[in-house]
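Notes follow the structure.
Numbering (the working numbering), first residue to last: 620 to 682.
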């Protein structure tokens, strides 16, 4: 069973593989900050967890 790919929402660069509950990662290629939250909380998580998109989206970054 293969793990889902996590790609930069700005340039599409592959950042990681796996399942994510919450992740914040900076793309080494375009330097965009990507923030992810799970679409569904794992079965062991509390029922009040919020659900968000399962893909990365870049946030404004300053150099």
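Don't be surprised by glycine CBs; every beta carbon is placed ideally from N, CA and C.
Rounded C-alpha distance that separates residue i from residue j
| i | j | result |
| --- | --- | --- |
| residue 639 | residue 626 | 12 Å |
| residue 659 | residue 641 | 11 Å |
| residue 657 | residue 633 | 18 Å |
Residues near residue i in its chain [Cβ-Cβ closer than 6 Å; skip 5 each side]
| i | result |
| --- | --- |
| residue 643 | 654 |
| residue 636 | 622, 624 |
Neighbourhood of residue i by C-beta distance below 8 Å, restricted to the same chain and skipping five residues each side
| i | result |
| --- | --- |
| residue 629 | 646, 649, 651, 653, 677 |
| residue 631 | none |
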